[in-house]
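Participant: Supplied in structure tokens, the structure appears directly below.
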Amino acid sequence: MNNSSISVVIPCYNDSYYITKAINSILNQTCINDIEIIVVDDGSNEKTKNILKELSSKIDLLITQENKGQAAGRNNGIKQAKGKYILVLDSDDFFESTFCNKAVNLIHNDLDIKIVTSYSNILYENSSKTEVYKPKGGDLSEILLNNSAMGSCMFRKRDWEIVEGYDESMREGFEDWEFYIRLLKENGKVEVIKDILFNYRRKTESTTTKANKIKYTLLRYIYSKHEDLYKVHFTGFIDFLLSKIEKEEQEKLKIYSRLEYRIGYYILKPIRFFKKYLYA
0 MNNSSISVVI
10 PCYNDSYYIT
20 KAINSILNQT
30 CINDIEIIVV
40 DDGSNEKTKN
50 ILKELSSKID
60 LLITQENKGQ
70 AAGRNNGIKQ
80 AKGKYILVLD
90 SDDFFESTFC
100 NKAVNLIHND
110 LDIKIVTSYS
120 NILYENSSKT
130 EVYKPKGGDL
140 SEILLNNSAM
150 GSCMFRKRDW
160 EIVEGYDESM
170 REGFEDWEFY
180 IRLLKENGKV
190 EVIKDILFNY
200 RRKTESTTTK
210 ANKIKYTLLR
220 YIYSKHEDLY
230 KVHFTGFIDF
240 LLSKIEKEEQ
250 EKLKIYSRLE
260 YRIGYYILKP
270 IRFFKKYLYA
């Protein structure tokens with residue numbers, strides 16, 4: 000593979016249903032001659048293993064490991080990648096055919112670009128509902144506040160090596176955001192392609208939904224791990240937190256002012272009184 004090649008790393012755990020579409024979306028890229036496909040089987044079940052065997056002719060390298068989580072799977076695949084540029088892709092998602100070509104053109108010609116992402120189509124599981132998500136991109140000051148890139152994106156292998164990869168202790172989620180913070184710690188930015196070139200499946204039970212259930216634990220970990228950076232950007236960080244609190248309070252006021260809430264409040268008031276009396 001030449002010096003401008005791309006290695007696509009796809010961690011896969013028990014995803015026999017969508018993995019074929021993920022791989023085919025890479026095979027359909029307009030610059031396919033410059034791409035290698037690496038799939039990391041993260042301790043999947045037999046059904047998924049059988050599907051991966053059937054797809055072996057489409058995969059340049061299949062790595063099998065015991066279940067260690069998505070961050071470890073990505074690190075393992077990237078470690079063995081030959082490409083100058085890395086594209087990580089979750090096994091249940093897929094790219095449009097021009098993503099790689101457009102992403103490489105951007106990152107190859109601008110050393111300040113550390114991460115390339117794009118507008119994305121959100122596909123809701125068991126539903127025809129879709130919506131467009133537009134990551135904001137930006138530099139460290141933006142990404143400290145919110146993850147401004149998709150979890151599947153392109154970056155240089157050399158940059159991954161410098162920051163020592165994904166944090167494998169973060170098995171519950173947000174590991175991509177934490178990794179991006181380290182990528183941009185010294186300099187650089189997230190570049191967003193303003194075309195819908197990525198398709199993200201929002202499942203009822205996924206790493207993201209599980210992460211949101213313990214969101215504040217994960218946020219505490221990230222804020223503590225990068226305490227020095229948040230101190231440097233203290234004013235912006237405090238403004239961000241206060242704006243979120245203010246927005247939540249405004250939403251509560253809207254709920255409290257609704258007619259349905261007021262009616263429910265007065266209907267339930269006698270019940271609350273007797274409950275308080277009984278348990279006093």
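At position 114 of the sequence shown (counting the first as 1) the number is 113 in numbering that gives the first Met the number 0, and the numbers step up by one without a gap.
The C-beta atom is built at its ideal place from N, Cα and C for all residues, glycine as well.
As the structure is a computational prediction, the values presented were derived from the model and not from experiment.
Do E95 and L196 have their C-beta atoms within less than 8 Å of each other?
Facilitator: One-based indexing of the sequence shown puts residue 95 at position 96. One-based indexing of the sequence shown puts residue 196 at position 197. Yes, these two residues count as a Cβ contact at 8 Å.
Participant: Under the criterion of a Cβ to heavy atom distance below 7 Å, does M169 qualify as lining the ligand SAH?
Facilitator: In the structure shown, the ligand SAH is absent, as is every other ligand, since no ligand is present at all.
Participant: If we ignore side chains and look at the alpha-carbon of each, how far apart do K169 and P269 end up?
Facilitator: Position 170 of the sequence shown, counted from the start, is the residue given in the question as residue 169. Position 270 of the sequence shown, counted from the start, is the residue given in the question as residue 269. It should be noted that the sequence gives Met, not Lys, for residue 169. If I take the Cα positions, the gap works out to 47 Å.
Participant: To the nearest angstrom, how far is the alpha carbon of K83 from that of N32?
Facilitator: Counting from 1 along the sequence shown, the entry for residue 83 is found at position 84. Counting from 1 along the sequence shown, the entry for residue 32 is found at position 33. In a straight line, the C-alpha of K83 is about 14 Å away from that of N32.
Participant: From H232 to T216, what distance separates their C-alpha atoms?
Facilitator: Sequence index remark: in the sequence shown, residue 232 carries index 233 (1-based). Sequence index remark: in the sequence shown, residue 216 carries index 217 (1-based). In a straight line, the C-alpha of H232 is about 21 Å away from that of T216.
Participant: In this structure, does DSSP put N74 in helix, strand or coil?
Facilitator: Reading the sequence shown from its first residue, position 75 is the one you call residue 74. N74: helix per DSSP, three-state reduction.
Participant: Tell me whether L183 is buried or exposed, calling it buried when 16 or more other Cβ atoms sit within 10 Å of its Cβ.
Facilitator: The residue labelled residue 183 in the question sits at position 184 within the sequence shown. Flag for L183 reads buried.
Participant: Along the chain, where does the beta strand (DSSP E) that runs through V103 open and close?
Facilitator: Position 104 of the sequence shown, counting from 1, holds the residue named residue 103. No beta strand (DSSP E) holds V103; the alpha helix (DSSP H) holding it covers 98 to 107.
Participant: CA-CA distance, E160 and K133?
Facilitator: Here residue 160 is taken as the residue at index 161 of the sequence shown, counted from 1. Here residue 133 is taken as the residue at index 134 of the sequence shown, counted from 1. Answer to the nearest angstrom: the Cα atoms are 28 Å apart.
Participant: For N1, count neighbouring Cβ atoms within 10 angstroms of its own Cβ and tell me buried if that reaches 16, exposed if not.
Facilitator: Residue numbering aside, residue 1 sits at position 2 when the sequence shown is read from its first letter. For N1, the predicted model reports a pLDDT of 46, less than 50, meaning its position is unreliable; a value from the coordinates is still stated below. N1 is exposed by the Cβ-count criterion.
Participant: Extract the residue ranges of the alpha helix (DSSP H) inside the segment 142 to 217, only unbroken runs of 4 or more that lie entirely within it.
Facilitator: Qualifying alpha helix (DSSP H) stretches, in chain order: 156 to 161, 174 to 182, 206 to 212.
Participant: Extract the residue ranges of the alpha helix (DSSP H) inside the segment 0 to 42, only unbroken runs of 4 or more that lie entirely within it.
Facilitator: Qualifying alpha helix (DSSP H) stretches, in chain order: 18 to 26.
Participant: Answer yes or no: do A80 and K156 have a C-beta to C-beta separation smaller than 8 Å?
Facilitator: As a working mapping, residue 80 is identified with position 81 in the sequence shown. As a working mapping, residue 156 is identified with position 157 in the sequence shown. Their beta carbons are under 8 Å apart, which means A80 touches K156 by this criterion.
Participant: For the segment 58 to 68 and the segment 135 to 151, state whether three or more C-beta atom pairs, one from each stretch, are separated by less than 8 Å.
Facilitator: No, the segment 58 to 68 is not in contact with the segment 135 to 151.
Participant: Specify the secondary structure class of L60 as computed by DSSP and reduced to three states.
Facilitator: Against the sequence shown, residue 60 aligns to sequence position 61. Of the three classes helix, strand and coil, the one that applies to L60 here is strand, per DSSP.
Participant: Ordered along the chain, which non-local residues of its own chain (more than five positions away) have a Cβ less than 6 Å from that of P10?
Facilitator: As a working note, residue 10 is residue 11 in the sequence shown. Only V39, D41, Q69, G72, R73 meet the Cβ criterion.
Participant: When the Cα atoms are used, what is the spatial distance from N13 to T203?
Facilitator: Numbered from 1 along the sequence shown, position 14 holds the residue referred to as residue 13. Numbered from 1 along the sequence shown, position 204 holds the residue referred to as residue 203. One C-alpha to the other measures close to 16 Å.
Participant: For a test of the three-state rule: what should DSSP assign to N49, helix, strand or coil?
Facilitator: Here the question's residue 49 lines up with position 50 in the sequence shown. In this structure, N49 counts as helix in the three-state DSSP scheme.
Participant: From the DSSP output, which residues share a beta bridge with T116?
Facilitator: Within the sequence shown, residue 116 is the residue found at index 117, counting from 1. DSSP lists V191 as partners of T116.
Participant: Just to check my reading of the structure: G164 and I77 have Cβ atoms closer than 8 Å, yes? What is that Cβ distance to the nearest angstrom?
Facilitator: Numbered from its first residue, the sequence shown carries residue 164 at position 165. Numbered from its first residue, the sequence shown carries residue 77 at position 78. Confirmed, about 7 Å.
Participant: Check each candidate in I106, K20, L86, I266 and name the one with the smallest Cα separation from L54.
Facilitator: The count along the sequence shown starts at 1 and reaches residue 54 at position 55. The option with the nearest alpha carbon to L54 is K20.
Participant: Got a sec? Which residues, its chain only, sit under 7 Å from E171 by beta carbon, not counting five neighbours each side?
Facilitator: Numbered from its first residue, the sequence shown carries residue 171 at position 172. So the list reads K209, A210, I213, L217, once near-sequence residues are dropped.
Participant: Pick helix, strand or coil for G137, following the three-state DSSP scheme.
Facilitator: Sequence index remark: in the sequence shown, residue 137 carries index 138 (1-based). It is a strand residue.
Participant: Go to L228, then tell me how far its alpha helix (DSSP H) extends in each direction, as first and last residue.
Facilitator: On the sequence shown, position 229 is the one that residue 228 refers to. Here the alpha helix (DSSP H) through L228 covers 226 to 231.
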